[in-house]
């Protein structure tokens, strides 16, 4: 073996010109292969770790109050965030508020996106750098959003600020719809301007999450959208979403209320009863009602109706607590009927779901587990007609399914709060398709290049065999076996391929270093989303590079197999007679 | 969140009489009087023109036919102008709210919060909801209603400040100027939670229809984006049963042809 290796090495040195030419071709092929794979990995990292994290999260939990599409709050359930944070593979759970708004400056108005940023999160140096990469500041810093010496500090993109006619220190009006659907206007103070790294980044206007929640009429107990950053997102996004789906299984909702009629008041527990047309038909088979179950209606337990002296058709007042503003939440509801609750649910009042969930949403604090057992006891009779704490939508399998679910939310198909768990595969399908398309294009280009290089290798080896036929004859005459001749040629090729691919890898490293230092313009550049601060991103991997070197060597050896076998099959006499 | 009943109807009548005869009515009486004038017991149809003037974007005239049937919370809006909107429409039936697009011939469920025909108006603006179920008179630190005499264009009015008593209303605070002679709303200012004036509305022309005074011309001035204003004109108002066929998808679709 050692002799063969020595011969192979000697042969490479003996035929320097051919070895250099063939080696250069293989080195260039390896170089492009490593370069392309690192570029694709860079794109993938940019899209997954930078774009997807901000646009949709690797996995996300979306919420809608009372089934309204744009009221992105789940009242009183901020605790769910902590439970999700404890799941495996979760690097970070970010609260997210992002709503379309109208920015009004002294010169002009323009549409924008009002975004809350959680400044309490501890970022690693890499994450901090990533944030700085995404939002390079022209004036101020993101920490200025914590300032208390100005009203509602905000940061926006420099081009947007120029268009609106504001600069750092100026005030800007922002008009939006809060989490309760009310039209609001707030004056913000511009404390920082950033240079957008791509065209998508011109729209956002950032305020601190605390401030955003106040402006949106949410408090620390309310849960906005959650975007999750995961370890190894490609693998963990779906399992994590499935785990969250199990975690978020809702219970039946209960609400302590007081029913007032005829000067009498009685404190009771109340459950919501669905009132869509399908549920109304089902309800009619379970409960005898004197009036149609539609609009703001209640069904009183017989005992309560007797105590209050209320009968079907009467209007009772339902007092369901206090709002955040301190007002009593009082509704007037028509008694649609009376019922006899099952054991364990005695005294349970049934209230039309929309009004019931409205009262829950408007309460300053939700009652926790109070009354939950009572409602659960009624579920044996009323089954799925009772209103849940929230409606957990089934996991969507595609963007089309997500679209269908959004349409149904828009139609207020569900009157309870709505919760949906999504992954980037559904919400960011377009971005992922872009990554896949770029990977495919790169792969095809590299394969074409490689086929060309390998064709050159095969041709060169065939020429070598032809030129060294007499030498093969001499070696065979001296006792070298046919298999050893084949091994000699394969070793020669393999050794050359190894040296060439190592050289190509070094060359690729130098090229990556050089290319990543070039700065590309961002404005008007459709590929700016793939750049970081105007630079290309390459992510070479140790294992992938090793694999590519092995691939090049392996393919070169395979390509050399044919000519090597051809050389080994020559008879010594014929080989020695060979004359060019 | 609640429904009008016979008691509130009686109260409204008393309030209307009260406002007409008492020198200084209470805030609730004024609210009930305005509400009584706004409440339509029968179906309504009208042609509506919204002339929208936005800074830097010029004038846009949005024309529509509007049909409303309160007994089942239904309404239909058929867009008749501008050309880009003509044939499009909106249908509300109970909890369902659809948008029809002429180009694609499709109905799409939309949210009550969405804009109508590219205007500032939202779907919920076309719904009827009793005023007193949304607002109550505001009071000062001494518990006195924020109500005083004032004038609008020289006409004596009551200036009443009201606050929302439910959370899902457009504006949490309003100031209303109600004419002292006929209890008609003359002017209204709408405020955000932070107390910023967002919109002023002027009700400049009324017409007696079905024993009520219907506002036929309203001007809404955007107080945030100065220069933006919308002029709403109603015409061909008819009160009485509207053909049930109109409150269907088929009618809206046929209207676009």
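Residue numbers (the working numbering), protein chains in the order written: chain A, -2 to 577; chain B, 250 to 506.
For each residue, glycine too, the CB sits at the ideal point set by N, CA and C.
A contact is defined here as three or more CB-CB pairs under 8 Å, and the region 113 to 128 of chain A meets this definition with respect to the region 204 to 223 of chain A. Under the Cβ criterion (8 Å, minimum of three pairs), the region 413 to 423 of chain A counts as touching the region 382 to 402 of chain A. The C-beta of residue 358 of chain A comes closer than 9 Å to at least one C-beta of chain B. Burial is judged here by how many other beta carbons sit within 10 angstroms of a residue's own beta carbon; residue 547 of chain A has fewer than 16 and is exposed.
Under DSSP, no beta-bridge partner is assigned to residue 382 of chain B. Beyond the five residues adjoining it in sequence on each side, residue 450 of chain A comes within less than 7 Å, by CB distance, of 22, 23, 26 in the same chain, given in chain order.
Pairing residue 249 of chain A with residue 369 of chain A gives a Cβ-Cβ distance under 9 Å.
Against chain B, a Cβ distance below 9 Å from residue 115 of chain A picks out nothing, because the smallest value is about 23 Å.
DSSP places residue 266 of chain A in the uninterrupted beta strand (DSSP E) bounded by 261 to 270. Neighbours of residue 474 of chain B in chain A, taken as residues at a C-beta separation under 7 Å, are given in chain order as 101, 106. Of all residues in the region 210 to 237 of chain A, those with a C-beta nearer than 8 Å to a C-beta of chain B are 214, reading in chain order.
A Cβ-Cβ separation of about 18 Å leaves residue 225 of chain A out of contact with residue 41 of chain A under the 8 Å criterion.
Counting along the chain, the unbroken alpha helix (DSSP H) around residue 502 of chain B starts and ends at 498 to 504. Cβ atoms of residue 473 of chain A and residue 553 of chain A stay farther apart than 8 Å, at about 24 Å.
Short of 6 Å from the beta carbon of residue 481 of chain B, and not among the five residues preceding or following it, lie these beta carbons of its own chain, in chain order: 299, 467. Shown here for residue 348 of chain B: same chain residues with a beta carbon closer than 6 Å to its own, the five before and five after excluded, namely 339, 357, 359 in chain order. Nearest CB-CB separation between residue 445 of chain B and chain A: below the 9 Å threshold.
Closer than 9 Å to the CB of residue 384 of chain B there is not a single CB belonging to chain A. Chain B has no Cβ within less than 9 Å of the Cβ of residue 145 of chain A. With a contact defined as Cβ atoms closer than 8 Å, residue 332 of chain A and residue 301 of chain A miss out at about 10 Å.
Bounds of the beta strand (DSSP E) holding residue 296 of chain A are 294 to 298. Residue 273 of chain A is not bridged by DSSP to any residue. Secondary structure note for residue 197 of chain A: it is in no alpha helix (DSSP H), with a DSSP letter that is neither H nor E. Within the region 308 to 322 of chain A, the residues whose Cβ lies closer than 7 Å to any Cβ of chain B are, in chain order, 312, 320. Across the region 170 to 183 of chain A, CB contacts with chain B closer than 7 Å involve 170, 172, 174, 177, 178, 179, 180, 181, 182, 183, in sequence order along the chain. Against chain B, the CB of residue 408 of chain A has a partner CB under 9 Å away; the residue lies at that interface. In the three-state reduction of the DSSP assignment, residue 110 of chain A falls in the strand class, which pools E and B.
Shown here, residue 206 of chain A sits in a helix according to DSSP, grouped into three states. Using beta-carbon distances, residue 355 of chain A counts as an interface residue toward chain B, with a partner under 9 Å.
Following the DSSP letters along the chain, one finds residue 509 of chain A inside the alpha helix (DSSP H) bounded by residues 479 to 512. Assigned with DSSP and collapsed to three states, residue 445 of chain A falls in helix. Between residue 44 of chain A and residue 222 of chain A the beta-carbon gap is near 20 Å, outside 8 Å, which marks them as no contact. Straight across, the Cα-Cα distance linking residue 449 of chain B with residue 292 of chain A is about 32 Å.
In the DSSP assignment, residue 160 of chain A falls within the alpha helix (DSSP H) that extends over 155 to 161.
Under the Cβ distance rule, residue 363 of chain A does not count among the residues neighbouring chain B, no pair being separated by less than 9 Å. Minimum Cα-Cα distance from residue 531 of chain A among the listed residues A:37, A:338, A:514, A:430 corresponds to A:514.
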